[in-house]
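A.B. asks:
There are 2 protein chains.
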Amino acid sequence: MSVNWNTHFSTMARERLHSSLIAEMIRLVVEHKAISFTAGEPSAELFPLEELSTSVLKAFKDPALFSYYPHNEGLLELREWIAAWMHADGLLPKWVTAENVLLTNGSQEGISLAAEALIDEGDCIALESPTYPEAILTFVKQGARFAPVAVDKDGILPTSLEDVLNQNRVKFLYTIVSFQNPTGCTTSTERRRKVLELCRKFDVIILEDDPYHHLRYEGKAPASYLSLAGDDARVLYLGSFSKIVAPGVRCGWTVAPSEVISKLAFLRVANEISLPAAIQYALFDFLKNRSLDTHLGRLQDAYRTRRNALVSALERHVVPLGLSFDVPEGGLFLWGRIPGLEDMVRFARFAVEAEKIGIIPGTIFFPEKGEGLDTIRFSFAKVTPEMAEEGALRLARALRTFTPGEA
Amino acid sequence: MSVNWNTHFSTMARERLHSSLIAEMIRLVVEHKAISFTAGEPSAELFPLEELSTSVLKAFKDPALFSYYPHNEGLLELREWIAAWMHADGLLPKWVTAENVLLTNGSQEGISLAAEALIDEGDCIALESPTYPEAILTFVKQGARFAPVAVDKDGILPTSLEDVLNQNRVKFLYTIVSFQNPTGCTTSTERRRKVLELCRKFDVIILEDDPYHHLRYEGKAPASYLSLAGDDARVLYLGSFSKIVAPGVRCGWTVAPSEVISKLAFLRVANEISLPAAIQYALFDFLKNRSLDTHLGRLQDAYRTRRNALVSALERHVVPLGLSFDVPEGGLFLWGRIPGLEDMVRFARFAVEAEKIGIIPGTIFFPEKGEGLDTIRFSFAKVTPEMAEEGALRLARALRTFTPGEA
Chain A
755 MSVNWNTHFS TMARERLHSS LIAEMIRLVV EHKAISFTAG EPSAELFPLE
805 ELSTSVLKAF KDPALFSYYP HNEGLLELRE WIAAWMHADG LLPKWVTAEN
855 VLLTNGSQEG ISLAAEALID EGDCIALESP TYPEAILTFV KQGARFAPVA
905 VDKDGILPTS LEDVLNQNRV KFLYTIVSFQ NPTGCTTSTE RRRKVLELCR
955 KFDVIILEDD PYHHLRYEGK APASYLSLAG DDARVLYLGS FSKIVAPGVR
1005 CGWTVAPSEV ISKLAFLRVA NEISLPAAIQ YALFDFLKNR SLDTHLGRLQ
1055 DAYRTRRNAL VSALERHVVP LGLSFDVPEG GLFLWGRIPG LEDMVRFARF
1105 AVEAEKIGII PGTIFFPEKG EGLDTIRFSF AKVTPEMAEE GALRLARALR
1155 TFTPGEA
Chain B
755 MSVNWNTHFS TMARERLHSS LIAEMIRLVV EHKAISFTAG EPSAELFPLE
805 ELSTSVLKAF KDPALFSYYP HNEGLLELRE WIAAWMHADG LLPKWVTAEN
855 VLLTNGSQEG ISLAAEALID EGDCIALESP TYPEAILTFV KQGARFAPVA
905 VDKDGILPTS LEDVLNQNRV KFLYTIVSFQ NPTGCTTSTE RRRKVLELCR
955 KFDVIILEDD PYHHLRYEGK APASYLSLAG DDARVLYLGS FSKIVAPGVR
1005 CGWTVAPSEV ISKLAFLRVA NEISLPAAIQ YALFDFLKNR SLDTHLGRLQ
1055 DAYRTRRNAL VSALERHVVP LGLSFDVPEG GLFLWGRIPG LEDMVRFARF
1105 AVEAEKIGII PGTIFFPEKG EGLDTIRFSF AKVTPEMAEE GALRLARALR
1155 TFTPGEA
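In the order they appear, the protein sequences are chains A and B. Per this note's numbering, residue 755 is the first one in the first sequence, and the count goes up by one each step. Per this note's numbering, residue 755 is the first one in the second sequence, and the count goes up by one each step.
(1) Could you pull the start and end residues of the alpha helix (DSSP H) that A/G1165 belongs to?
(2) Taking 7 Å as the CB-CB limit, is A/A1161 close to chain B?
(3) Does B/T929 have its Cβ less than 7 Å from a Cβ in chain A?
(4) Excluding five sequence neighbours on each side, which residues of the same chain lie with their C-beta closer than 6 Å to the C-beta of A/V894?
(5) Counting contacts by CB-CB distance shorter than 7 Å, is A/P817 in contact with chain B?
(6) Taking 7 Å as the CB-CB cut-off, is A/L915 touching chain D?
(7) Just to confirm, are A/M779 and A/I1114 a CB contact at a threshold of 7 Å?
(8) Can you tell me which residues form a DSSP beta bridge with A/F1132?
(9) I believe B/L845 touches B/S981 by the beta-carbon criterion, under 8 Å. Please report the beta-carbon distance rounded to the nearest angstrom.
(10) Decide if B/S1078 is buried, meaning its Cβ has at least 16 other Cβ atoms within 10 Å, or exposed.
(11) Can you give me the Cβ contacts of B/T1138 inside the same chain, cut-off strictly under 8 Å, excluding the 5 residues immediately before and after it?
(12) Nearest CA to the CA of A/T941: which residue from A/K948, A/V931, A/L950?
(13) With DSSP as the reference, label A/F900 as helix, strand or coil.
(14) Any C-beta of chain A sitting closer than 7 Å to the C-beta of B/M1141?
(15) Please state the DSSP three-state secondary structure of B/W849.
(16) Shorter than 7 Å from the beta carbon of B/P1030 to some beta carbon of chain A?
(17) Run down chain B in chain order and give the residues with a C-beta less than 7 Å from the C-beta of A/S866.
(18) Using DSSP bridges, identify the partner residues of B/C878.
(19) Taking A/H1071 as the query, report the chain B residues whose CB atoms sit under 9 Å from its CB, ordered along the chain.
(20) Using a beta-carbon distance below 7 Å, is B/F1120 in contact with chain A?
(21) State whether the stretch 1013-1025 of chain A contacts the stretch 788-801 of chain B, with contact taken as three or more CB pairs (one from each stretch) at a distance under 8 Å.
(22) Where in the stretch 964-1023 of chain A do unbroken runs of the alpha helix (DSSP H), each at least 4 residues long, occur, reported from the N-terminal end onward?
(23) Establish whether the CB of B/I1114 and some CB of chain A are separated by less than 7 Å.
(24) When DSSP builds the beta bridges, which residues end up paired with B/P884?
(25) Can you tell me the Cα-Cα spacing of B/V905 and B/E882, whole angstroms?
(26) For A/F820, which residues in chain B fall below 8 Å Cβ to Cβ?
(27) If the cut is a Cβ gap below 7 Å, which residues of chain B does A/E795 touch?
(28) Is it buried or exposed, B/N760, if we count other Cβ atoms within 10 angstroms and call 16 or more buried?
(29) Would a C-beta distance cut-off of 7 Å place B/V1184 and A/R988 closer than the cut-off?
(30) Do three or more CB pairs link the stretch 1047-1061 of chain A to the stretch 811-825 of chain A at distances below 8 Å?
(31) Quick check on this structure: which residue in A/L829, A/R923, A/P1093, A/A1105 has the alpha carbon closest to the alpha carbon of A/A852?
(32) Could you have a look at A/A1161 and say whether DSSP puts it in helix, strand or coil?
(33) Throw me the rounded Cβ distance for the B/R1131 and B/P936 pair, which I believe falls under 8 Å.
(34) By DSSP, does A/I1164 sit in helix, in strand, or in coil?
(35) Using a C-beta cutoff of 7 Å, does A/S756 count as contacting chain B?
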């Protein structure tokens, strides 16, 4: 091939795409037929495909769903359903109607459209450290730099955010509010009020990412930033059906003021015109015709059992070797620390190769390199109690045989 | 609302999105219950939904299609099918395999990913004048400026391109090669060879957009740039199922060298992770199980009849009033000129309001303002012979009663 592509690629393509260690870990898990604590996705046997297939058949009888128009913002019926559902859940301020809901290709597209609408090259974004790596990727792609904000088990630390806002002109705060990826923490209502007050004072937008909201196994959900902000409409709320229906429906949504929704929809026309309305219809038909609460209850029961089993197995076999972690009230992840183990990436490769147990080293969740070297993310999404027990035993063996500092 | 969004929006969101006159014309058509020559989309009764619904049911039995992985580049089976199909059609050089095929959300996503991968702010793009407005939108969004290249009924003019390349450092040439939108022209093989030679000489990439390729009603297709270039792999070829299956399946594809496909796929992960694999599977199952040629033959017959009817009606009723146009061998569009009528936008609004006939003024297809004031695009995609006759009569009446220069 006679073309030197590096002389043709944009700065974005050349310099802003960093490859994912998660992909490498998943490849190693498959290659070594390992037990996996790596999955960032829900468990396939919980996908309601039978019900969805009844609904998708109806969609394939309606040619209007297969034209270009008028679905630029997404199928109106589903946008209406989402607005009504979120109102019933108390997540929305009064002003939100279907006009304020944009359907997206997973909440990832919501993150990306918000990044396009808000970030100019060199802009500073405040985000939790650690946080979701594909959000970091998207913000870097748009040319952002970062001001990391500390979190503990009650979520984002307002004092840390205040320091950040005093020292940087911040464009927006990106925060995963419930059962955060990777730490599992949920920001309390009290802290949210303080964060909101700070964002109001510094005129900072909030990108409230909430894909795990309905995967709560006990306790009560705090108020959303979106509802707490009320008429001070500085919040873009991102929801997703990936974790509660299936990732492959590729359907999320963004709630925002109309003028923001218009911009996001316009950016999407430039990116890809519109999304497949037939799938949106199938999802709408599924949601309106059966009790979502029953389905969510089934998910919550399954994941609660898995969380408890993994917690218990780790407590018995790995905590005695130095692991510490908090138990989250929901979501898919446990976040651990093994003080003294200062090269988790090398340990993770060792564990999957030597003992056939896959974990995700925590380093990849930090916006700045060299952080979280002793941290680790466990997913219990696809881990049965039997796998939890065997996996924890393997992990313990790996810890006993691993030689830190080895070349 | 207390947030001044204009102080928060990015330059991209604030300055680079121009609204579409097509949307306005379509709204006016609906509002006035007009006969429409505006549609840029295929006719809904030709969508093979019954066959697709059999296929989509199979997809909804396979949970693997509803996970995140491993579909970042799109469903492998469909990519393999496309590679084999295009090889059989002689559109591909030898080096192309499924690895060189990326599935996209319509070819619009292919345009957008290519724009992200290749355009830095201020870069110059060569494109046909006139061309597809949503490509212009996407390139503007990425911060491009334009060097327009002239076309005639045999497609792009190599001499015009040579002038452009001598005067500008051009990043890539964007060209719609068959039955161009809006002019209907197809670039001949001879001209393609010259264009390719120029692009090689100036080391310019070619973005070969070919969504209308299979809507050929007579004559023989020229060789693709992709195949003509051979091992000098400087072509990104964009295909689409929107015009030959249905726009709502939102499935197109890009063929390019592996290192380009990797970049595009990586950019897409940042944008939206992946596309709905279930729809890709449905499409694959539909394509492999029936004779695509039979389906295409049905489309070609239907659209040929419609083209002929519209040509004939316009010749009888509107050509005598000054309209001139060429008859394309395929696609969905006729491109006309009415010399002396120097404000087609105002005329189009008048025609839909006064005579209930919708057309698209040609001005919107030009990358530079003030061009093509006497041009007009007719679509025959959704126009039956009866509608063609009545629409041409209405258009003639509108031309007779329109007062140019009126406020």
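Cβ atoms here follow ideal geometry from the backbone N, Cα and C, with glycine treated the same way. As the structure is a computational prediction, the values presented were derived from the model and not from experiment.
C.D. replies: This is what the structure gives:
(1) In the structure displayed, chain A extends from 755 to 1161; residue 1165 of chain A sits before or after that span and is not available.
(2) Confidence at A/A1161 is low in this model, with a pLDDT of 45, below 50, so the placement of that residue should be treated as unreliable; the coordinate-derived value is given next. No, A/A1161 does not count as interfacial toward chain B.
(3) For B/T929, the answer is no, since every Cβ of chain A falls outside 7 Å of its Cβ.
(4) Hits under 6 Å: R770.
(5) yes
(6) Considering every chain present, this structure includes no chain D. Its protein chains are A and B.
(7) yes
(8) A/L1088
(9) 6 Å
(10) Exposed, by the Cβ-count rule.
(11) R1060, A1063
(12) With distances taken between Cα atoms, A/T941 lies closest to A/V931.
(13) Correct three-state label for A/F900: strand.
(14) no
(15) coil
(16) yes
(17) A1024, N1025, E1026
(18) B/R899, B/V924
(19) Residues of chain B passing the Cβ test: none, with the nearest at roughly 28 Å.
(20) Not an interface residue.
(21) As far as the Cβ criterion goes, the stretch 1013-1025 of chain A does not touch the stretch 788-801 of chain B, which means the pair count is below three.
(22) 979-983
(23) no
(24) Bridge pairing for B/P884: absent [DSSP].
(25) When only Cα atoms are considered, B/V905 and B/E882 end up about 6 Å apart.
(26) A798, F801, L803, A1000, P1001, G1002, V1003
(27) For A/E795, the chain B residues whose C-beta falls within less than 7 Å of its own C-beta are S821, Y822, listed in chain order.
(28) exposed
(29) With chain B covering 755 to 1161 only, the question about residue 1184 of chain B has no answer from this structure.
(30) Here the stretch 1047-1061 of chain A does not lie against the stretch 811-825 of chain A, with fewer than 3 beta-carbon pairs under 8 Å apart.
(31) A/L829
(32) With a pLDDT of 45 at A/A1161, under the threshold of 50, the predicted position of this residue should be treated as unreliable, and no value is reported.
(33) 4 Å
(34) Not covered by the structure: residue 1164 of chain A. The range shown for chain A is 755 to 1161.
(35) yes
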